[in-house]
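Per my numbering, the sequence shown starts with residue 3, numbered consecutively. Yeah, the Cβ is synthetic: ideal placement off N, Cα and C, and Gly gets one too. Accompanying notes for the structure given below.
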Amino acid sequence: MASDRLDVLVVGGGAREHALVRSLAKSPRVGRLLGAPGSPGIEDDAVSVAVDSGNIPTLVAFVDREKIDLTVVGPEAPLVAGLADQLRYRGFVVFGPGAAGARIEGSKAFAKEVMEAAGVPTAHADVFTEHGPALAYLHKHGAPVVIKADGLAAGKGVMVAKTLAEAEAALTECFVVRRFGDAANVVLIEEYLEGEELSLLSIVSGDQVLPLAPAQDYKRIFDGDEGPNTGGMGSYSPVPSVDDVLYERLVDEIVRPTVAEIVRRGIDYRGVLYAGLMLTDHGPEVLEFNCRFGDPETQALLPRLQSDLLELLWAAARGETLPAATEWSNGPAVGVVMASGGYPGSSSKGDPIAGLENAWAVNGVEVFHAGTHRGSDRILVTAGGRVLTVTGLGDTFAQARARAYEGVAAISFAGEQHRTDIALRAEEWESRR
Ligand code: AMP
Ligand code: GLY
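Below you can see the structure in the form of structure tokens.
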């Protein structure tokens, strides 16, 4: 380090990484800020480096050449593939777990094993490596049931089957069609749980846990939670139905025991531990763990964060003492995802995007780029399924929602689709008080 300024590289180019970059850019301690591969949005605050987030050798060579002080890894795939290990091995500081810790997301069977050892409540699951025994179990068990590919499947490896026929089809996808490749060499058949979903992200460094504000995301494409699962169509934070008592309980009964078990296994975890929870009638249960910031939760979390994100990530990545708590703006944030036509089945690319400046001009609105591209003509076009997250901040959910949707209304592209009910239940909850 030449000065006490830190040169920071954010790996990944989605809306989550855009939110990370915007938040890091606010730190008085930030030096050079870079994004690999970056995005047209990230370029407002950072320099894009044309290296894909999956290209580990080139990323390592870049960090080495540029003597990057802190690498912050957004997506799960490079973490599971050992990017953090390769950098740490060379003496570089990284926010994100090594491959051993990232298995908590990279193998759902491993995550179950950790939860069982830690005594953490989770949906019961049986593990299969062959079609025949899986089918036999299914016929004995019946539906509804959830079929999960063990490995990473770009968020598509979880199939909630309401009927036996749907469950059989899911097993065919895994074992016969092999739609998920080796990620479904191992398949979990899991108990179906009902309740409200909640995302609780914590910054973890060794045995230290710093829980962040709770968030909720919306997985289905259509209003009223209808239609197929997506990468996430919106989110909000905080979650008014989660009071302090429940929050403490989630941290003490789920997050801390899981981290203790990770430590017991000799894993030095430095990054985000994301608990995907279902609040059932008989108590909270874990649906999944992720080894990274959530998308789109991050787009609703970080705009509210008052603490210096860079200081937090730097301390966690170096194994230094984490602060006891984080500071947040009092008002909530609501993030609405704007997706391209055909999503999630397909996605229309190359459609010009208009009105971004008008959205930014709305008081309390921030716009995060996911699938956008700026060609040589400088025109911004769509380049993926999820195109933008428009986040509204306000004093109340009613105001934050109104602002987010005013931002959404200002932006247009062909085939655009978004949900109109993001954070509606939080607004209704608020109005009943
Ligand atoms: P996951 O990637 O494990 O969070 O699964 C994606 C989505 O599938 C979750 O957000 C839930 O909506 C749903 N899901 C996963 N596991 C279960 C389960 N055991 N019961 C009901 N829904 C589930
Ligand atoms: N919001 C779900 C995820 O990040 O996996």
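Give me the DSSP bridge partner(s) of residue i.
i    : result
F370 : T391
Y238 : Q218 and V336
P298 : P298 pairs with nothing; no bridge assigned.
H375 : V383
R272 : S207
A167 : Partner(s): none; A167 has no beta bridge.
P213 : S204
N365 : DSSP, once it has assigned bridges, lists no residue as partnering N365.
L36  : L11 and V49
V162 : V148
E263 : Beta-bridge pairing links E263 to no other residue.
A341 : R388 and Q419
E19  : BP columns for E19 are empty, so no partner.
A356 : S414
E132 : According to DSSP, which records beta bridges pairwise, E132 is partnered with nothing at all.
E199 : M280
Does residue i come out as helix, strand or coil in the three-state DSSP assignment?
i    : result
G333 : coil
A4   : Because A4 sits at a pLDDT of 45, beneath the cut-off of 50, its placement in the model cannot be relied upon, and the following sentence gives the value as read from the coordinates. A4 falls in the coil class under three-state DSSP.
K114 : helix
H126 : coil
T232 : strand
Y249 : helix
T282 : strand
K150 : strand
L11  : strand
A406 : helix
F415 : coil
P30  : coil
A319 : helix
E193 : strand
L307 : strand
I256 : helix
L289 : strand
I223 : strand
F97  : strand
A138 : helix
A400 : helix
A277 : strand
V178 : helix
G183 : helix
A119 : helix
L312 : helix
Report the option in the options whose CA atom is closest to the CA atom of residue i.
i    : options                   : result
S309 : R18, L26 and V12          : L26
I264 : I106, G333 and E290       : I106
M280 : D423, D219, S348 and N332 : D219
R181 : L154, I205, F94 and V336  : L154
P346 : K158, D397 and V129       : K158
D283 : V339, E196, Q210 and V274 : E196
T300 : V339, A167 and R320       : V339
E432 : L166, F415 and A402       : A402
A217 : P334, P230 and V162       : P334
G40  : G33, E78 and V53          : V53
S349 : V241, L61 and T232        : T232
G56  : A79, T73 and G37          : A79
H449 : R31, L390 and S378        : For residue 449 there is no data in the structure shown, the boundaries of the chain being 3 and 435.
G142 : A120, V116, A169 and E118 : Note on identity: in this sequence residue 142 is Lys, with Gly being the wrong assignment. Nearest of A120, V116, A169 and E118 to K142, Cα basis: A169.
D87  : V23, N332 and V62         : V62
T73  : E118, A48 and V10         : V10
S201 : L137, G103 and L252       : L252
L303 : G37, L395 and A156        : L395
G417 : F177, G285, R376 and K351 : K351
R267 : G103, L203, G343 and C176 : G103
K110 : I149, P42, L140 and A136  : I149
V116 : P77, E290 and L35         : E290
M35  : E68, T60 and P240         : Note that residue 35 is Leu in the sequence shown here, rather than Met. Nearest of E68, T60 and P240 to L35, Cα basis: E68.
D246 : I269, P213, G226 and S237 : P213
*Quick one: which unbroken beta strand (DSSP E) runs of 3-plus residues sit fully inside the segment 44-89? Chain order, please.*
72-75
*Touching by the beta-carbon criterion (3+ pairs, under 8 Å), the segment 349-369 and the segment 405-424*: yes
*asked:* Assess contact between the segment 287-301 and the segment 17-25, defined as three or more Cβ pairs (one per stretch) separated by less than 8 Å. Is contact present?
replied: yes
*Tell me, please, whether the segment 268-279 touches the segment 89-101 by the rule of three or more beta-carbon pairs shorter than 8 Å.*
yes
*Is it true that the segment 118-138 meets the segment 187-207, where meeting means three or more beta-carbon pairs spaced less than 8 Å apart?*
yes
*Stretch-stretch touch, CB-based, cutoff 8 Å, three pairs: the segment 323-342 with the segment 413-429*: yes
_Does the contact criterion of 3 or more C-beta pairs under 8 Å hold for the segment 377-387 versus the segment 348-356?_
yes
*Evaluate the contact criterion for the segment 224-238 versus the segment 255-263: three or more CB pairs, one atom per stretch, below 8 Å.*
no
_Measuring CB atoms only, is the segment 326-333 touching the segment 392-401, in the sense that at least three cross pairs come out at less than 8 Å?_
yes
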